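J.: Numbering (this note's numbering), first residue to last: 2 to 322.
Where is the CB? At the ideal position from N, CA and C, for every residue including glycine.
All of these numbers come straight from a predicted model, not from anything done at the bench.
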Amino acid sequence: MEAAGGERGGERGGAGGRPRNLPWVEKYRPQALADLVSHQDILSTIQKFISEDRLPHLLLYGPPGTGKTSTILACARQLYKDREFNSMVLELNASDDRGIDIVRGPILSFASTRTIFRKGFKLVILDEADAMTQDAQNALRRVIEKFTENTRFCLICNYLSKIIPALQSRCTRFRFGPLTPELMVPRLQHVIEEEKVDVTEDGMKALVTLSSGDMRRALNILQSTSMAFGTVTEENVYTCTGHPLKCDIANILDWMLNQDFSTAYRKIAELKTLKGLALHDILTEIHLLVHRGERASTPRKREHRTEVGALGPPHSLTHHR
Numbered sequence: 002m003e004a005a006g007g008e009r010g011g012e013r014g015g016a017g018g019r020p021r022n023l024p025w026v027e028k029y030r031p032q033a034l035a036d037l038v039s040h041q042d043i044l045s046t047i048q049k050f051i052s053e054d055r056l057p058h059l060l061l062y063g064p065p066g067t068g069k070t071s072t073i074l075a076c077a078r079q080l081y082k083d084r085e086f087n088s089m090v091l092e093l094n095a096s097d098d099r100g101i102d103i104v105r106g107p108i109l110s111f112a113s114t115r116t117i118f119r120k121g122f123k124l125v126i127l128d129e130a131d132a133m134t135q136d137a138q139n140a141l142r143r144v145i146e147k148f149t150e151n152t153r154f155c156l157i158c159n160y161l162s163k164i165i166p167a168l169q170s171r172c173t174r175f176r177f178g179p180l181t182p183e184l185m186v187p188r189l190q191h192v193i194e195e196e197k198v199d200v201t202e203d204g205m206k207a208l209v210t211l212s213s214g215d216m217r218r219a220l221n222i223l224q225s226t227s228m229a230f231g232t233v234t235e236e237n238v239y240t241c242t243g244h245p246l247k248c249d250i251a252n253i254l255d256w257m258l259n260q261d262f263s264t265a266y267r268k269i270a271e272l273k274t275l276k277g278l279a280l281h282d283i284l285t286e287i288h289l290l291v292h293r294g295e296r297a298s299t300p301r302k303r304e305h306r307t308e309v310g311a312l313g314p315p316h317s318l319t320h321h322r
C-alpha cells in the first residue's frame, strides 16, 4: 500500500492511537516490512541486503499504489531508530521541484555531510523521480557517484523509461506489479472491520475492479464511498467515482446496435450529460464488455452478419473499381 508518507512513529496499521480524521491510506499504511502484503520476493531480497549491511542504490518502479514508497519507508524504519530518522533520511517528492536546483540544493547538502553520532550511510528517498528533468537526472548521477560511500539513494517512479540509462545502471531495480485481488481483499477487509464499514459483496468486487491493483485507490474509494453513502454497494461505488454503471453501458451498447445513428447519438449524449460520464470510461467499458462476450447476440447483430455474408468473399469487394 502506498501514498505520500507522514509521521513514522510506532503507530501500527490499526485505528488505535491514530487521529480519527487521518486519511485511511495513511492510517493503515504498513509500518514494517512484515506488514506489507505483496511482492514477497522483493521484500526478502531487500531484507537480506539490510541484514548483511550491503544495501545498494535502489530503483523501485511500477504502477501507483503497489507499495513502492511503503517498502522503502519500512526499510528506513528498520535501519534507523526514531530519534535519528530525521537526520539520516531525506525524503523528497520530485514532482514538487523537477529541476536541477533540487539536486544542487537539498540533495547535495544532505549527501555531502556526515553525522558524528552514527556510523553507516544516510538514505535519500526520491519519489516520482521520473518527473525530474534530464539535466537534473544527470546532475543526480554525479552526486550518486561522488557520495556513494556516505549515502544510499532510492529512486521511485512509475515509468522506468523516463529514467536515464546512466541512473538505471547505478541502481538495483525492482518492479512492483499491480496487486492481485487475493492480496487486496484481506487488507481491505481489515480496514473495513477496523472502521466498521458496511460493505456488500458486490461493493467489495467493485472496489477491487475499479482500483485495478492500486491499493491506494481502493482505500480512497472505500473511504469516500463510506462517507458519502454509509453503505458501500456496487452502485454507490460507481456513483461516487463517476464511473459508468454496468446497466448504463449495457443500454449504450444496445442503442448502438439496435437504434439508428441519430437516436443512439442523442440518447448517449443525454446519458453522458445527465450522469457526468467521461467518454474515455464509456469507450473502455464498452470495449471490455464486448471483449468478454457477456452480451447475447441481438437481432441487429445477426442482421449485420447476414448483410456482410451476402456480400460474398472479401475479394468481391475490391474486384470492381
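Determine, using beta carbons only, whether Val275 and Ser39 come nearer to each other than 7 Å.
T.: Note on residue identity: the sequence assigns Leu, not Val, to residue 275. For Leu275 and Ser39, no; Cβs fall outside 7 Å.
J.: Judging by CA-CA distance, which residue of Pro24, Ser45, Trp25 is the nearest neighbour of Leu34?
T.: The option with the nearest alpha carbon to Leu34 is Ser45.
J.: With a CB to CB cut of under 6 Å and the five nearest residues on each side skipped, what residues in its chain are close to Glu235?
T.: Result list for Glu235: Asp203, Gly204, Ala207, in chain order.
J.: Reducing DSSP to helix, strand and coil, say where Arg188 ends up.
T.: Arg188 falls in the helix class under three-state DSSP.
J.: Apply the 10 Å Cβ neighbour rule to Lys197 and answer buried if 16 or more other Cβ atoms are within range, or exposed otherwise.
T.: So Lys197 ends up on the exposed side.
J.: Tell me the residue span of the alpha helix (DSSP H) that contains Glu146.
T.: That run of the alpha helix (DSSP H) goes 135-147.
J.: In three-state DSSP terms, what is Asp215?
T.: Residue state, collapsed to three classes: coil.
J.: How do the region 212-226 and the region 251-266 stand: do at least 3 beta-carbon pairs fall below 8 Å, yes or no?
T.: Not touching, per the Cβ criterion.
J.: In terms of alpha-carbon separation, which member of Asn151, Asn237, Pro245 lies closest to Leu56?
T.: Cα-wise, what sits closest to Leu56 is Asn151.
J.: Can you check DSSP and say which residues form a bridge with Thr181?
T.: Answer is none; Thr181 lacks a bridge partner.
J.: Starting from Thr242, trace the beta strand (DSSP E) in both directions and tell me its first and last residue.
T.: Thr242 -> not in any beta strand (DSSP E); alpha helix (DSSP H) instead, spanning 235-242.
J.: Closest to Pro179 by C-alpha separation, out of Lys273, Ser162, Val291, Thr210, would be which residue?
T.: Comparing Cα-Cα distances from Pro179 to each of Lys273, Ser162, Val291, Thr210, the minimum goes to Thr210.
J.: Using CA atoms only, rank isn't needed, just tell me which of Leu284, Lys120, Asp199, Ile287 is closest to Asn237.
T.: The option with the nearest alpha carbon to Asn237 is Asp199.
J.: Please determine, among Ile193, Pro182, Thr149, Ala132, the residue with the shortest C-alpha to C-alpha distance to Lys163.
T.: It is Ala132.
J.: With a threshold of 7 Å on Cβ separation, who are the neighbours of Gln190 within its own chain once the five nearest residues in sequence on each side are excluded?
T.: For Gln190, where only same-chain residues beyond five positions count, there are no Cβ hits under 7 Å.
J.: Could you tell me the alpha carbon to alpha carbon distance between Ser213 and Leu59, rounded to whole angstroms?
T.: Rounded to the nearest angstrom, the two C-alpha atoms are 26 Å apart.
J.: What residue from Val192, Val26, Tyr266, Leu80 has the CA that sits closest to Ser52's CA?
T.: Of the candidates Val192, Val26, Tyr266, Leu80, the one whose C-alpha sits nearest the C-alpha of Ser52 is Leu80.
J.: What does the alpha-carbon distance come out to for the pair Pro107 and Ile193?
T.: Roughly 40 Å between the two C-alpha positions.
J.: Can you check whether the CB of Leu61 is closer than 7 Å to the CB of Val104?
T.: No, the Cβ-Cβ distance between Val104 and Leu61 is not below 7 Å.
J.: Hey, how far is the Cα of Glu92 from the Cα of Thr173?
T.: About 19 Å.
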